[in-house]
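Notes for the one structure printed next.
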Amino acid sequence: MAEQAAMRQPIESGCPDGFQYMHPLMIKNYGNWKYHDRPRPGVLHHVAHSGDEIWTVRAGTQRQLGPYEINLLCDIVDRYADGYVRFTIRSNLEIMVDKAERVEPLIEALTDAGYPVGGTGNSVTMISHTQGWLHCDIPGTDASGVVKSLMDELYEEFIHEEMPNRVHITTSCCQINCGGQGDIAINIQHTKPPKINHDLVANVCERPSVVARCPVAAIRPAMVNGKPSLEVDEKKCVCCGACYPPCPPMQINDPEHSKIAIWVGGKNSNARSKPMFHKLVAAGIPNNPPRWPEAAAIVKNILRVYKEDAKDWERVGDWVTRIGWPRFFELTGLPFTKFHIDNWRGSRASLNASTHIRF
Amino acid sequence: MQKTPKNPAKHATFVPKDKKSTKPFHNTPMLDQLESGPWPSFVTGLKRLAHENNMMVDLLGQLEHSYKTRTGYWKGGTVSVFGYGGGIIPRFSEVAKMFPESKEFHTLRVQPPAGNHYTTKILRQLSDSWNKWGSGLIAFHGQTGNIMFIGTTSENTQHFFDEVNAYGFDLGGAGPCVRTAMSCVGAARCEQSNCNEQKIHRLLVNNFIDDMHRPALPYKFKFKVSGCPNDCMNSIQRADMAVIGTWRDDMQVDQKEVRAFVASRGRKYVIDNVVSRCPTQALSLNDDDTLDVDNRNCVRCMHCINVMTKALSPGKEKGVTVLIGGKRTLKIGDTMGTVIVPFMALETDEDYEQLKEIAVNTIDFWAENGLEHERCGEMIERIGLVNFLEGIGREVDPNMINHPRTISYIRTDEWDKEAEKWFDRKQQAAG
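Residue numbers (this note's numbering), protein chains in the order written: chain A, 283 to 641; chain B, 4 to 434.
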């Protein structure tokens with residue numbers, strides 16, 4: 283009791299009010315902005331009904347920041363801007379200034395410090411990523427390393443606006459897909475059922491909830507070597523790894539057989555078409571640290587074809603919808619296989635029930 | 004590509020000469036390869052921290068070991084701060100014998116200010132606190148929207164929390180609970196905003212603070228708020244409850260600016276990139292280079308407004324659309340949110356109260372009826388939308404569907420009664 287009494291009671295304040303940290307011009311013109319334009323890649327210019335103007339300079343970061351990076355960036359913001367920043371959903375740092383002439387010195391300072399300015403409009407913006415080997419308990423690959431490798435390769439596309447429309451790339455280290463939908467998604471795809479350590483299952487796993495977790499009912503309780511455990515019907519198993527988080531002795535990750543798959547055409551926006559899920563285009567790609575060259579080559583190839591063939595304002599998904607999937611496979615040179623044909627519930631809606639065929 | 008930095012001590016590639024950590028570095032030949040290239044390197048960042056503390060020396064060793072063996076080595080556990088049941092992601096190393104200094108490497112999920120606004124002062128303050136009690140490494144932000152303070156011991160989670168909690172920060176969710184929410188920059192800087200995103204964000208999530216800190220729901224529940232249908236917060240596909248700004252009167256057209264746009268970009272550009280891209284063919288370019296809008300058939304997709312930012316803007320009668328049930332793969336496959344409220348104004352306190360009530364009813368019904376580890380969207384798939392609507396006390400609306408049913412396997416015993424309800428509602432709406 284004495285120890286408990288010494289503990290500090292939490293203040294359950296929840297989500298902090300953003301206004302205490304906002305640029306004064308944003309507070310003053312809250313809800314009263316008129317229009318925006320982009321004077322150059324990496325810069326947004328917003329004009330309010332009041333006539334006030336604000337410029338935002340967007341810089342890419344490595345997402346994982348330490349005191350050195352935070353102080354380095356904050357020193358720049360304090361010297362060249364007004365001390366106010368925000369982060370985008372894709373870990374880009376946005377720095378606001380109140381005068382046009384302050385934009386270029388700020389860009390120069392960021393560039394001199396090794397931080398790229400870009401990621402606006404029709405660029406390839408920062409790849410959204412998950413935790414991977416750095417911190418996750420179930421990852422098949424790393425996230426930061428994949429992103430760093432790819433952003434090195436796509437650097438020019440980040441600092442320029444030369445794509446038909448914005449490109450949002452995502453990565454995920456397991457099939458739960460925390461990285462979410464993307465114009466291009468680079469995700470782990472397991473190819474072998476879990477390897478079970480039967481000595482540990484009974485002590486570590488709540489067996490009924492593991493059985494319930496399987497999307498294809500391939501797991502059942504069993505006695506193995508006289509111990510209560512779980513067994514997997516390997517013919518039914520779709521190797522999704524859903525059993526692994528609730529039951530770590532069911533190891534799904536495999537240095538050789540956990541592969542990378544690439545998906546395209548995911549889109550969250552309602553612009554033009556309704557939101558779309560990304561679709562599988564390539565699998566069986568080696569999980570090859572530290573720079574994942576095979577996955578990077580496929581992504582760059584898809585981006586090259588998209589850049590050449592898509593119309594202005596077409597997202598990857600819009601573009602493929604217009605040209606059709608046969609053309610997508612033709613233009614990218616990627617193989618079309620039986621694995622591309624969906625067989626999950628509702629899959630008949632994804633089959634071509636028409637004579638609409640391009641030649 | 005890589006130029007020599009003007010000031011190497013103030014550059015993303017800087018590595019200090021002075022080593023304060025007492026443990027020698029592990030060899031990291033694979034990670035070292037991620038230090039080259041133009042993008043700022045997280046590995047260089049980790050190395051800087053390894054100059055400061057032994058925990059990061061061993062963390063780098065373990066990460067290199069993961070790269071070499073292509074295997075992860077963290078396992079979960081139970082760590083919490085006093086009074087809470089969630090908000091911390093415990094990580095214990097499975098290779099602690101090789102890398103003992105980072106054997107405990109927990110993450111605290113902390114809710115960022117709504118809209119992700121920071122001053123340099125508060126960023127430095129958060130960084131200082133984490134440097135004192137943890138590894139110094141912070142992720143801005145995780146996929147759910149948390150600031151993730153990565154890497155500390157079980158004991159120091161409490162000290163760090165006590166320190167940041169005292170100056171206004173609180174933990175987010177982890178486990179089967181209401182999770183940290185997200186909202187876009189919205190009204191703070193975007194002319195396309197149709198609602199007060201930050202207010203909605205805080206109203207919703209702070210109403211469920213108990214459900215966030217003490218996980219007792221079937222599974223996770225996420226709120227996301229986007230100010231317009233561009234949905235920068237990815238809410239339809241990622242949120243159990245998506246609140247998206249929209250408008251229901253005519254969109255605003257400044258014909259003078261339309262003419263100026265046509266003059267500068269040309270008619271072909273406008274026809275090819277604006278008029279013919281409208282998903283409902285609601286646009287037409289007049290002979291005098293003004294724009295004709297069929298507002299009755301505009302679905303507020305935002306495309307033309309995105310292209311002609313100066314000439315076109317959302318209407319004035321603003322509000323929100325609410326969708327329920329978005330999530331990714333597990334367990335039944337991806338589901339997008341479904342429209343539950345086609346339009347509601349958010350002007351008065353009563354309006355906001357009504358939005359809160361929708362969230363309360365949804366979470367209450369799901370908490371009662373959802374199976375273990377079943378997201379709200381999966382429950383809707385299992386029981387059908389109509390049962391869900393009846394459960395939360397909302398009437399059906401044709402905006403909730405793409406098209407009516409195509410299968411005749413349905414009992415229509417009470418058709419007349421249901422038809423009567425529809426006509427009654429229409430009459431009520433007409434006033």
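No residue lacks a Cβ here, since even glycine has one placed at the ideal position from N, Cα and C.
Check	Outcome
How would you call Gln346 of chain A, buried or exposed, if buried means at least 16 neighbouring beta carbons within 10 angstroms?	buried
Measuring only between beta-carbons, confirm whether Trp315 of chain A sits less than 9 Å from chain C.	Absent from the structure: chain C. Protein chains present are A and B.
Buried or exposed: where does Thr338 of chain B fall if 16 or more other Cβ atoms within 10 Å of its Cβ makes it buried?	buried
Would you mind reading off the limits of the alpha helix (DSSP H) that contains Gly464 of chain A?	No alpha helix (DSSP H) contains Gly464 of chain A, which DSSP labels as neither H nor E.
Assuming Asn276 of chain B contacts Asp594 of chain A under a Cβ cut-off of 8 Å, what Cβ separation, rounded to an integer in Å, is found between them?	6 Å
Output the distance between the C-alpha atoms of Gly80 of chain B and Phe95 of chain B, rounded to the nearest integer angstrom.	7 Å
By the 10 Å Cβ neighbour count, where 16 or more other Cβ atoms means buried, how is Tyr412 of chain B classified, buried or exposed?	exposed
List in chain order: all unbroken beta strand (DSSP E) runs of 3+ residues lying wholly within the segment 51-104 of chain B.	none
Should the segment 110-120 of chain B be regarded as contacting the segment 167-179 of chain B, the criterion being three or more beta carbon pairs within less than 8 Å?	yes
Thinking C-beta only, is Cys379 of chain B closer than 9 Å to Met244 of chain B?	yes
Can you find a CB in chain B that lies within less than 9 Å of the CB of Glu538 of chain A?	yes
Expressed to the nearest angstrom, what Euclidean distance is found between the alpha-carbon atoms of Glu335 of chain A and Gln65 of chain B?	48 Å
Does Arg322 of chain A come out as helix, strand or coil in the three-state DSSP assignment?	strand
List the residues of chain A whose Cβ lies closer than 9 Å to the Cβ of Thr110 of chain B, in chain order.	Gln413, His417
Tell me the DSSP secondary structure of Tyr317 of chain A in three-state form.	strand
Return the residues of the segment 284-304 of chain A that lie within a Cβ-Cβ distance of less than 9 Å from chain B, sorted by chain order.	Gln286, Met289, Arg290, Gln291, Pro292, Ile293, Glu294, Ser295, Gly296, Cys297, Pro298, Asp299, Gly300, Phe301, Gln302, Tyr303, Met304
By a C-beta neighbour count over all protein chains shown, 10 Å radius and 16 as the cutoff for buried, is Ala579 of chain A buried or exposed?	exposed
Mind reading off the beta-carbon distance from Glu67 of chain B to Leu37 of chain B? Whole number of angstroms is fine, and I expect it under 8 Å.	About 11 Å; that fails the 8 Å criterion.
Is there contact between the segment 456-476 of chain A and the segment 545-556 of chain A, where contact requires at least three CB pairs shorter than 8 Å?	yes
Per DSSP, Val546 of chain A forms a beta bridge with which residues?	A:Ile466, A:Lys561
Within its chain, find whatever has a CB closer than 7 Å to the CB of Pro43 of chain B; leave out the 5 residues flanking it on each side and keep chain order.	Ala15
Kindly indicate if chain B contains any beta-carbon less than 9 Å away from that of Arg630 of chain A.	no
Tell me whether the segment 407-425 of chain A and the segment 381-396 of chain A touch, counting them as touching only if at least three CB pairs, one residue from each stretch, are closer than 8 Å.	no
Quick one: does Gly348 of chain A have its CB under 9 Å from some CB of chain B?	yes
So which of A:Asn311, A:Arg597, A:Val429, A:Cys529 has the shortest CA-CA distance to Ala484 of chain A?	A:Cys529
Out of B:His29, B:Ile395, B:Arg205, B:Leu358, point me to the one whose CA is closest to Ala348 of chain B's CA.	B:Leu358
Measure the Cβ-Cβ separation of Lys321 of chain B and Trp418 of chain B and say whether it is below 9 Å.	no
Do Ser196 of chain B and Ala117 of chain B have their C-beta atoms closer together than 9 Å?	no
According to a CB-to-CB cut-off of less than 8 Å, which residues of the segment 188-214 of chain B neighbour chain A?	Val188, Ala190, Ala191, Arg192, Cys193, Glu194, Ser196, Asn199, Gln201, His204, Arg205, Val208, Asn209, Ile212, Asp213
Going by Cα to Cα distance, which pick from B:Lys334, B:His120, B:Val302 is closest to Thr324 of chain B?	B:Val302
Using the Cα positions of Gly75 of chain B and Arg205 of chain B, report the straight-line distance between them to the nearest angstrom.	36 Å
Output, in chain order, the set of chain B residues within a Cβ distance shorter than 7 Å of Trp626 of chain A.	Gly336
Could you give the distance in angstroms between the alpha-carbon of Gly324 of chain A and the alpha-carbon of Cys521 of chain A?	41 Å
For Gln240 of chain B, count neighbouring C-beta atoms within 10 Å of its own C-beta (all shown protein chains included) and say buried if the count is 16 or more, exposed if not.	buried
Return the residue from the list B:Ser105, B:Cys180, B:Val208 that minimises the CA-CA distance to Ser157 of chain B.	B:Ser105
Any chance the segment 431-444 of chain A sits against the segment 392-405 of chain A, with 3 or more Cβ pairs inside 8 Å?	yes
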